[in-house]
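Comments concern the structure below.
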Amino acid sequence: MEFMSNISGVDESKPSLFELLSETQLRELLEPSLRYLLAVATHRHPRYLIRILNRYDEVYALLMLLVERHYLSRWGGSFTENFYGLKRERVIAAQVPRAQRVVPGLVAESTKLKKADVWKSLFVIVGVPYLKRRLDDAYENFAGGAAANMLGAGYRRDDLPEDATPKQKFIYYLKAFIRTVYPYINAAFYWSNLIFNLAYLFDKSQYHSPLDFLIGVRMRRLTEADHRAFELAAAPKPSSNAPFTMRSLLTPSIISRIIIPKMLDSLKVLLPTSIFFLKFLEWWHASDFARQLSAKTAASIELPPPIPVRPPAPEEELEEEGVMKALVKVVEEDTGLCPVCEREITNPTAVQTGYVFCYPCVFRWVQDGIGRDGDEEGAENRKGRCPVTGVRLLGGAEGLRRLMI
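In full-length UniProt numbering, the protein residues as written are 1 to 405.
As structure tokens, then:
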């Protein structure tokens with residue numbers, strides 16, 4: 001692999017294909033990772049995040065447009081490319097490797113991305129992946145997915161009515177185009193990527209991607225001249241002697257020129273930290289030490305057995321050692337009804353004391369302390385306790401277990 005990564009042996013600034021593939025893989029992992037984190041957060045706070053999750057593709061594209069534009073303008077490469085020590089540069093026909101060694105600063109300045117090159121790169125890095133995700137989703141919906149694979153080409157989910165409006169005709173033919181033509185376009189895109197990768201690997205092309213070839217931009221390693229230019233650009237500039245105040249720091253010019261760029265640059269530290277934390281979690285869950293520690297922790301938790309059914313009595317308060325008083329429900333006999341609502345149990349859910357309730361009833365009781373028919377009197381005393389025994393439940397509502405019957 002070392003031989004293949006340096007097959008040309010001449011241009012030291014040319015990154016290997018394996019570096020570029022690693023960078024591409026990391027970039028493709030960002031979108032599903034953030035989607036998963038947003039989905040988990042939406043599950044806990046749906047009221048605030050469900051709209052963002054429903055428009056995730058657009059929100060992610062706008063977010064990456066902001067991030068990638070900053071990195072392309074300041075560092076000469078995208079977020080993940082800068083993480084791998086890579087940059088993008090314009091291709092100059094007269095450029096030779098010897099000029100790079102003799103006057104690297106002049107060559108770096110002449111090949112630096114212009115404003116038009118930044119926007120072209122943004123289209124390749126952000127726009128094309130967004131369009132591809134949307135087209136993939138549209139093909140899955142319009143082509144029928146698994147149903148079309150089983151039923152064959154005759155499967156159709158919609159037909160064009162005789163009195164169709166122009167809008168209906170446009171949508172119908174668009175669906176037909178995506179069903180029939182898009183698979184070939186997608187295949188051509190992947191085959192062209194493979195051809196460019198092989199040509200780049202054997203030093204037959206200076207572009208590893210057909211999209212980079214179309215916009216005239218190639219990938220290079222960051223050089224010492226690049227790092228000196230970055231340090232010079234980041235050096236503090238002389239300013240007026242006017243004292244800084246909180247009001248001056250919150251002006252739009254300071255926020256756009258200093259605060260937002262600093263926040264975006266901090267992503268360079270956040271990404272490797274997140275990768276390290278993820279790898280640590282993978283090691284932790286795969287190690288014997290974690291399993292042994294989990295087993296010892298589980299063995300040290302001794303749950304009390306269910307308290308025997310007590311004689312009939314009205315609702316009363318049960319006082320435990322060292323805990324607050326909690327209103328409990330006294331079960332007269334084993335009737336098979338929910339002890340909270342006193343109706344037939346639906347969606348049965350067990351608690352750690354061994355009793356079974358309706359899931360909505362026990363969840364409201366444990367989570368918010370709400371009793372039968374929305375009774376909120378004494379809610380603070382009921383919260384987090386078993387409705388029958390009054391025993392404090394480990395984990396609160398997280399400790400509820402639904403039963404599959």
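Just so it is clear, CB atoms sit at the ideal spot from N, CA and C, and this is done for glycine as well. Just so you know, these numbers come straight off a predicted model, no measurement behind them.
key: Beta-carbon contacts of T346 that lie in its chain and below 7 Å, excluding the five residues immediately before and after   = C358
ask   = Which of helix, strand or coil does DSSP assign to T349?
value = strand
request  = Run the CB neighbour count on V126, radius 10 Å, all protein chains shown included, and call it buried at 16 or more, exposed below.
outcome  = buried
query = How many angstroms separate the CA atom of Q168 from the CA atom of E162?
reply = 11 Å
query = Do L63 and L49 have their CB atoms nearer than 8 Å?
reply = no
key: Buried or exposed (CB count within 10 angstroms, at least 16 for buried), R44   = exposed
request  = Would you mind giving the Cβ-Cβ distance between E81 and E12, rounded to the nearest angstrom? I have them listed as a contact below 8 Å.
outcome  = With a Cβ gap of about 18 Å, E81 and E12 do not count as contacting.
inquiry  = Relative to the C-alpha of H70, which candidate in G374, L267 and P387 has its C-alpha closest?
reply    = L267
Neighbourhood of E31 by C-beta, 7 Å cutoff - its chain only, sequence neighbours within 5 removed = Y60
key: Alpha carbon of G216 to alpha carbon of V91, nearest angstrom   = 6 Å
message = Just to confirm my understanding: we take A199, look at its own chain, exclude 5 residues before and 5 after, and list those with CB closer than 7 Å. What are they?
response = S205
query = Do the CB positions of Y56 and R35 come within less than 8 Å of each other?
reply = yes
query = If we ignore side chains and look at the alpha-carbon of each, how far apart do A188 and I195 end up?
reply = 10 Å
task = Please state whether DSSP places K325 in a helix, a strand or coil.
result = Unreliable placement is indicated for K325, whose pLDDT of 43 sits below 50; no coordinate value is reported for it.
task = Note down the Cα distance separating L20 from L278, rounded to an integer number of angstroms.
result = 22 Å
For R221, the three-state DSSP class (helix, strand or coil) = strand
ask   = Just curious, the alpha helix (DSSP H) that V362 is in, first and last residue?
value = Y359 to D368
ask   = Which residues mark the beginning and the end of the beta strand (DSSP E) in which L34 is found?
value = L34 -> not in any beta strand (DSSP E); alpha helix (DSSP H) instead, spanning L17 to R44.
key: Cβ-Cβ distance between T353 and R401 below 8 Å   = no
query = Who does E12 pair with in a DSSP beta bridge?
reply = According to DSSP, which records beta bridges pairwise, E12 is partnered with nothing at all.
key: When A164, R133 and V340 are compared against P360, the one with the closest alpha-carbon   = V340
ask   = If you draw a straight line from the alpha carbon of F276 to that of W283, how long is it in whole angstroms?
value = 11 Å
inquiry  = So, with DSSP's three-state summary, where would you put L86?
reply    = strand
inquiry  = Within 10 Å of its beta-carbon, does K14 have 16 or more other beta-carbons around it, so buried, or fewer, so exposed?
reply    = buried
task = Please classify V391: does DSSP put it in a helix, a strand, or coil?
result = coil
key: Bounding residues of the alpha helix (DSSP H) (the contiguous stretch that carries H208)   = Unbroken run through H208: none, as it is neither H nor E.
message = Suppose contacts are defined by Cβ-Cβ distances below 8 Å. Is Y139 in contact with Y172 by that definition?
response = no
ask   = What residues are listed by DSSP as bridge partners for R402?
value = T349
request  = Look up V356 in the DSSP assignment and give the residues it is bridged to.
outcome  = A350
query = Taking just the CA atoms, how far does R133 sit from L53?
reply = 15 Å
query = Hey, how far is the Cα of N193 from the Cα of V356?
reply = 58 Å
Where R385 falls: helix, strand or coil (DSSP) = strand
task = Determine the contact status of R221 and G399, defining contact as a CB-CB distance below 8 Å.
result = no
message = Could you tell me the alpha carbon to alpha carbon distance between V269 and F177, rounded to whole angstroms?
response = 44 Å
key: Where F170 falls, given that 16 or more other Cβ within 10 Å makes a residue buried   = exposed
message = Using DSSP's beta-bridge definition, name the partner residues of E344.
response = L337
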